[in-house]
Amino acid sequence: MPRLLLLLTGGTLLMTPGDPASSNANKRGAVTLDEERTSRDLIIEVPSLGRIADFDTRLLFHMDSANMQPADWLTLARVVHEELPRYDGIVVVHGTDTMAYTASALSMLLGRLPKPVVLTGAQKPLVEIRTDARQNLIDAAMVATLGVPEVSIVNSARALRGARSTKRDAWGFAAFDSPNCAPLVELGIGVEIGPHVLPPAPLAPFDERLERRVLALRVFPGLDPELVRAAIRSGVRGLVLEAYGTGNLPNLGGSLIPALVEAREHNVPVVVVSQCLRGFVELGQYDGGAAAQDAGAISGGDMTVEAALAKLMVGLGRFGPGEELRHFLAASVVGERDA
1 MPRLLLLLTG GTLLMTPGDP ASSNANKRGA VTLDEERTSR DLIIEVPSLG RIADFDTRLL
61 FHMDSANMQP ADWLTLARVV HEELPRYDGI VVVHGTDTMA YTASALSMLL GRLPKPVVLT
121 GAQKPLVEIR TDARQNLIDA AMVATLGVPE VSIVNSARAL RGARSTKRDA WGFAAFDSPN
181 CAPLVELGIG VEIGPHVLPP APLAPFDERL ERRVLALRVF PGLDPELVRA AIRSGVRGLV
241 LEAYGTGNLP NLGGSLIPAL VEAREHNVPV VVVSQCLRGF VELGQYDGGA AAQDAGAISG
301 GDMTVEAALA KLMVGLGRFG PGEELRHFLA ASVVGERDA
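Residues 1 to 339 (the UniProt record's numbering) make up the sequence shown, in order.
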């Protein structure tokens, strides 16, 4: 039988009634957990898990995922890197609010993988009668035993590439989407694995270098360029701009181009992604995007903002702001963008 490691970080899935730690009366969560009890309770609540694999359970955090920070990504990535050789796969229980950020960060920190690393969570707690948690846990465990050696998010009977995923719905059970990449696995009556799943690769040595001082800004009519320039002068080391359509930016009234020139002068790389869920940045297509490219902006292609932020953090940490970073950002490292 496969052997899986279940890493617990908190989130709605693990919440139980009556805890004052939660401010949402519909999402009350337990203050304390212990590994032995939680592992036993999971099997009691979801007995099918014991028919899929033998589980070891480890409690890393017990937090609302809104409190997840880059230091926590590093802790999680380090544990996954250390433990993955001993298991057939790893399942991470995580809150849904920042799961796409964590999945993108894990993807970039770990690189190509020999085995599956699966994140899952729920919109309603496991202990509730009507919940998505049971099926998500079962599906995540199933995917962790398959030949899908990537970081993925399992939700609503699909495994999505982690570095392509974004949360799309705060209320529905189908909380995540991967707009520019088909699911890695679809779990219907049968189990269909996509042909684009990456082949297994040996784990690279763990590299925890990561630059936290990055900023994401959504472009909108009326955005004061001085605010962007102030951010650059304040010590920001990298910037992700969510631009219009295919990467268009204002270049007349309220032009952001002088701010991008100042970013280049301060050695602050600027990555441009699209606000559109199915967008793809081509900076030369319109005047504003072409001017941004001339000012040194870097196309993020079809990356999500979550993936662009994680990649910029990791790239700056490893390579600094020079030409090597530009090559890293333009490449498809773990399938996070079309090459």
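We treat Cβ as the ideally placed atom computed from N, Cα and C, and that holds for glycine.
Nonlocal neighbours in the same chain, by C-beta distance under 6 Å from residue i, ignoring five residues either side
i, result
"residue 337", "301, 302 and 303"
"residue 63", "10"
"residue 182", "194"
"residue 200", "114 and 149"
"residue 134", "46"
"residue 173", "123, 132 and 156"
"residue 13", "93, 121, 122, 126 and 133"
"residue 5", "56, 83, 87 and 90"
"residue 107", "151, 162, 163 and 334"
"residue 225", "256 and 259"
"residue 186", "158 and 192"
"residue 310", "104, 105 and 108"
Residues bridged to residue i (per DSSP)
i, result
"residue 360", "Because the chain spans 1 through 339 in this model, residue 360 falls outside it and cannot be assessed."
"residue 192", "186"
"residue 160", "153"
"residue 177", "166"
8 Å Cβ shell around residue i - same chain, five flanking residues per side excluded
i, result
"residue 252", "none"
"residue 298", "269, 270, 271, 272, 326, 329 and 330"
"residue 188", "157"
"residue 25", "Caution is warranted here: a pLDDT of 38 is assigned to residue 25, below 50, making its placement in the model unreliable, and the coordinate value is therefore given only provisionally. Nothing meets the Cβ criterion."
"residue 282", "246, 247, 289 and 299"
"residue 70", "105, 210, 212 and 313"
"residue 222", "254"
"residue 319", "325 and 328"
"residue 49", "42, 43, 55, 137, 138 and 141"
"residue 98", "65, 66 and 68"
"residue 261", "295 and 296"
"residue 235", "213"
"residue 321", "237, 238, 267, 268 and 269"
"residue 78", "206 and 208"
Span of the alpha helix (DSSP H), counted from its first residue to its last, around residue i
i, result
"residue 50", "49 to 52"
Element boundaries [beta strand (DSSP E), containing residue i]
i, result
"residue 7", "3 to 10"
Residues near residue i in its chain [Cβ-Cβ closer than 7 Å; skip 5 each side]
i, result
"residue 202", "114"
"residue 23", "Residue confidence is low: residue 23 scores 40 on pLDDT, short of 50, so the model does not pin down where it sits. No coordinate-derived value is stated."
"residue 315", "325, 328 and 329"
"residue 306", "100, 101, 104 and 166"
"residue 204", "111"
"residue 264", "295 and 296"
"residue 1", "53 and 54"
"residue 160", "152, 153, 176, 178, 183 and 184"
"residue 72", "61"
Ignoring anything shorter than 4 residues, give me the alpha helix (DSSP H) runs that lie fully in the stretch 55 to 138, in order along the chain.
Secondary structure within the stretch 55 to 138: the alpha helix (DSSP H) runs of 4 or more consecutive residues, fully enclosed, are 70 to 83 and 99 to 110 (chain order).
Across the stretch 206 to 226 and the stretch 235 to 249, are there enough close Cβ pairs to call them in contact, namely three or more that are closer than 8 Å?
A contact exists between the stretch 206 to 226 and the stretch 235 to 249.
Cβ contact (3+ pairs, closer than 8 Å) linking the stretch 121 to 128 and the stretch 92 to 112
With the cut-off at 8 Å, the stretch 121 to 128 and the stretch 92 to 112 touch.
Stretch-stretch touch, CB-based, cutoff 8 Å, three pairs: the stretch 221 to 233 with the stretch 191 to 198
They do not touch, by the three-pair rule.
I'd like the ranges of any beta strand (DSSP E) spanning at least 3 consecutive residues and lying wholly in the UniProt domain "Asparaginase/glutaminase C-terminal" (213 to 327).
Those beta strand (DSSP E) runs which fall completely within the UniProt domain "Asparaginase/glutaminase C-terminal" (213 to 327) and span 3+ residues are 214 to 218, 238 to 243 and 270 to 274.
Just checking, does the stretch 143 to 151 make contact with the stretch 287 to 296 on the three C-beta pairs under 8 Å criterion?
No, they do not touch.
Three or more beta-carbon pairs under 8 Å between the stretch 76 to 91 and the stretch 125 to 134, yes or no?
The stretch 76 to 91 and the stretch 125 to 134 do not touch, with fewer than 3 CB-CB distances between them shorter than 8 Å.
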